[in-house]
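Given below as structure tokens:
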């Protein structure tokens, strides 16, 4: 019996310059053939073979250069413009029957993930004779040098390298670096880069100095291919297509910021393809697969990496080399901020790790939110808790619409009250201990649910757990935003939403496997797993620090400095740490000077607290009205009627939710909050309206309808997860001043849970049939779509751009910029330390973006909190409620000439700078 013919897959390929393009049909790639003949090795060929009929040239027929060097070999063809080796055609009788393709020329193929199968091609050819180098030897002055020679395959280009021996495995790198080494001072490895040009040309680079290399090209066979930013050239032999080296034509644009020594060293480096050298023991050398030197730039403090690829250790199975994907990976590295700005002291690592750890609160929140969709569809749970006979089969039990609304929405009722309770709790106990209390309350609710065997106790447990979740949903982003430096704050708060999506996905997976258990364990196991998330959160918070901003708010200045020192990994007397503490303290004093921090002031206080609260509440309400939790609460039962298994749909939907959150993390800083929210609102509206329209059309093929539901619902989830899902949490964690931050965040978050409750309670009546039910079906998506359109205009009018600003600078922006759409051009200029000392209270007009502001007068008129007056001595003061926040000439002078020691003492003591 013959084996079944494998299914063919179409791959596209091209040379690097794009002059030659092709398609080929072969079975899905799992391996490539690596020939050991000299020409294949020098070019780094990775072969796949196909029938000639399955190979089609799309562009550039007849433009490739052929290299034919013997009857026993193939005819190798490469692009004469960029040097990419593309094809291998057989000789003789086999010509025209099949074709060899260099897999390096294929798109969307990760060569490093494919198995390489050796082929002894050298046995079919005459023994290769190493090229003789007839040119002058390199001029480098090296004691007892090793001379390596080699060249291209045809011999038109030959090379000599004067160097110390190449590194062997186990050698310590510093012993082989320095003058005379194949490495430049700033390079650490022999590197194989996975950028598109290096991958196509099969190069493995070493980095000697120019004085160590001599290249002989009497026939002028070397051809240069310039690409990208056009400051360097890839040079290859125009006769045989072998890549030789990289020539540097000029310094890159950013080199103007480099020191002179760095510029001269960069120009002196000559990246050389190690494959062309003879006598190299490849079994001994260490080749680093990396992207750090894709464009061979020195590690200068002011140099940005321009490689658009990533190390093999984190490389996905399939990778595209298209521009958008390359920029995606570059954006991911930038967005994750593993490297802090060069002009900032200390380290970012502790803040990142702390911020990532507390996202366990988001995991707990997401898991508890997502688990109910599966539980109310679990057969054993329904038989135990439901009270009516299922009207569809008259043999099983089912919940009434009222019971469904109660069970699902009661969590949101609890979270509403929990979110409101979070503010006084976080302000009295601190952010850290409040999180521990919230986890304890949540665990009590879990215990009640696990112990329940009737609906009333289960509902009570859901309510208590909801109180804990509501507290956590306020305190985690609050803790993250107050702990993180500005360049990583948006990313860290976005990871909270990522943790929520992961929790939703875990809940869907657990329910997928547990719903068939024919005992109480079918719901007890999923519910009891929540103890794990709560325990991890509590144990971590025992050792993590309190936020410096909360400690400043409580007047604990020494403790705040110690906390910030621990987070930034700076000594408590470091000037950068002293200045940051002083700015936080001065900003808080300035906020307090504008008015009290009661709940009334959250709505009507200065500066513009009511506008900020409306922004936070509006964002969270519209987040719920986008229809996200309709899918996560009722997707199992609603879409199960259309796509088969509702449990499987939930797993798929939550997987898309997790994946979709990643773009939000990547672009929240580079694209900004406003742009992401507006793009997300329009994208979600389009998807929602398409789903609603499909559901309104009669007579469509059910399979077509179900496919459209699945596709556009998945696209909607992706759009939500990458925009409104994470960014709402980021914005609301940033826009409120310290004095009312906890109160304002709790009210904003409670509005989220209020709408969550309303939607969860009303949806069974909107979807259900029978008395009092509207039976909207898919047309409910019209509601969500219209809300998404409204959300676009809300963001345009109300949401300020807060990226790349400290929390204190955001306060300044709200005072100085009157319209949200002007906020993107805002540049901060205030120092709250100077305001506190009175040096900002002058009558000089300052041009700020689109607004002219008089800091001492117009600012006070706008906030309605203070007026500016002169003290009669030529020094302006700012008066608020009868209190002077300025300074006398003597105190101003002493503050201006304060030593670092004075600043340190001032920052650590509870000192009142007012008169």
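Residue numbers (this note's numbering): 3 to 917.
Built from N, CA and C at the ideal position, the CB exists for glycine as well.
Sequence-distant residues of its chain with Cβ nearer than 7 Å to residue i (five each side left out)
{"i": "residue 53", "result": "100"}
{"i": "residue 681", "result": "725"}
{"i": "residue 539", "result": "362, 363, 366, 437 and 441"}
{"i": "residue 719", "result": "633, 655, 658, 659 and 662"}
Close beta carbons around residue i, own chain, < 6 Å, minus the five adjacent residues each side
{"i": "residue 137", "result": "216 and 218"}
{"i": "residue 221", "result": "158"}
{"i": "residue 387", "result": "457"}
{"i": "residue 51", "result": "100 and 102"}
{"i": "residue 160", "result": "133, 135, 153 and 218"}
{"i": "residue 501", "result": "361, 364 and 365"}
{"i": "residue 793", "result": "624 and 683"}
Residues that DSSP places opposite residue i in a beta bridge
{"i": "residue 12", "result": "27"}
{"i": "residue 61", "result": "23"}
{"i": "residue 248", "result": "236"}
{"i": "residue 211", "result": "271"}
{"i": "residue 150", "result": "163"}
{"i": "residue 291", "result": "194"}
{"i": "residue 48", "result": "Beta-bridge pairing links residue 48 to no other residue."}
Burial state of residue i, where buried means 16 or more other Cβ atoms lie within 10 Å
{"i": "residue 821", "result": "exposed"}
{"i": "residue 799", "result": "exposed"}
{"i": "residue 654", "result": "buried"}
{"i": "residue 12", "result": "exposed"}
{"i": "residue 587", "result": "buried"}
{"i": "residue 702", "result": "exposed"}
{"i": "residue 706", "result": "exposed"}
{"i": "residue 129", "result": "exposed"}
{"i": "residue 783", "result": "buried"}
{"i": "residue 532", "result": "buried"}
{"i": "residue 444", "result": "buried"}
{"i": "residue 665", "result": "buried"}
{"i": "residue 390", "result": "exposed"}
{"i": "residue 974", "result": "Limits of the chain in this structure are 3 at one end and 917 at the other, which puts residue 974 out of reach."}
{"i": "residue 351", "result": "exposed"}
CB of residue i within 9 Å of CB of residue j, strictly
{"i": "residue 139", "j": "residue 208", "result": "no"}
{"i": "residue 736", "j": "residue 491", "result": "yes"}
{"i": "residue 685", "j": "residue 717", "result": "yes"}
{"i": "residue 36", "j": "residue 120", "result": "yes"}
{"i": "residue 417", "j": "residue 755", "result": "yes"}
{"i": "residue 250", "j": "residue 234", "result": "yes"}
{"i": "residue 551", "j": "residue 740", "result": "yes"}
{"i": "residue 609", "j": "residue 813", "result": "yes"}
{"i": "residue 111", "j": "residue 31", "result": "yes"}
{"i": "residue 369", "j": "residue 463", "result": "no"}
{"i": "residue 486", "j": "residue 478", "result": "no"}
{"i": "residue 38", "j": "residue 143", "result": "no"}
{"i": "residue 377", "j": "residue 529", "result": "yes"}
{"i": "residue 781", "j": "residue 697", "result": "yes"}
{"i": "residue 515", "j": "residue 380", "result": "no"}
{"i": "residue 357", "j": "residue 497", "result": "yes"}
{"i": "residue 787", "j": "residue 691", "result": "yes"}
{"i": "residue 670", "j": "residue 801", "result": "no"}
{"i": "residue 791", "j": "residue 683", "result": "yes"}
{"i": "residue 92", "j": "residue 76", "result": "yes"}
{"i": "residue 67", "j": "residue 58", "result": "no"}
Proximal residues to residue i (C-beta, below 8 Å), its chain only, five neighbours per side dropped
{"i": "residue 65", "result": "21, 22, 81 and 82"}
{"i": "residue 422", "result": "472, 748, 749 and 752"}
{"i": "residue 412", "result": "461, 464, 465 and 468"}
{"i": "residue 280", "result": "132, 133, 150, 151 and 152"}
{"i": "residue 10", "result": "27, 28, 29 and 56"}
{"i": "residue 789", "result": "624, 627, 628 and 629"}
Cβ-Cβ separation, residue j to residue i (assumed contact under 8 Å), whole Å
{"i": "residue 16", "j": "residue 204", "result": "Contact doesn't hold; Cβ gap of about 16 Å is too wide."}
{"i": "residue 499", "j": "residue 731", "result": "6 Å"}
{"i": "residue 270", "j": "residue 211", "result": "5 Å"}
{"i": "residue 744", "j": "residue 429", "result": "5 Å"}
{"i": "residue 626", "j": "residue 761", "result": "6 Å"}
{"i": "residue 348", "j": "residue 571", "result": "5 Å"}
Near the ligand MG: residue i beta-carbon under 8 Å from a heavy atom
{"i": "residue 495", "result": "Among the ligands in the structure shown, none appear at all, so the ligand MG cannot be discussed."}
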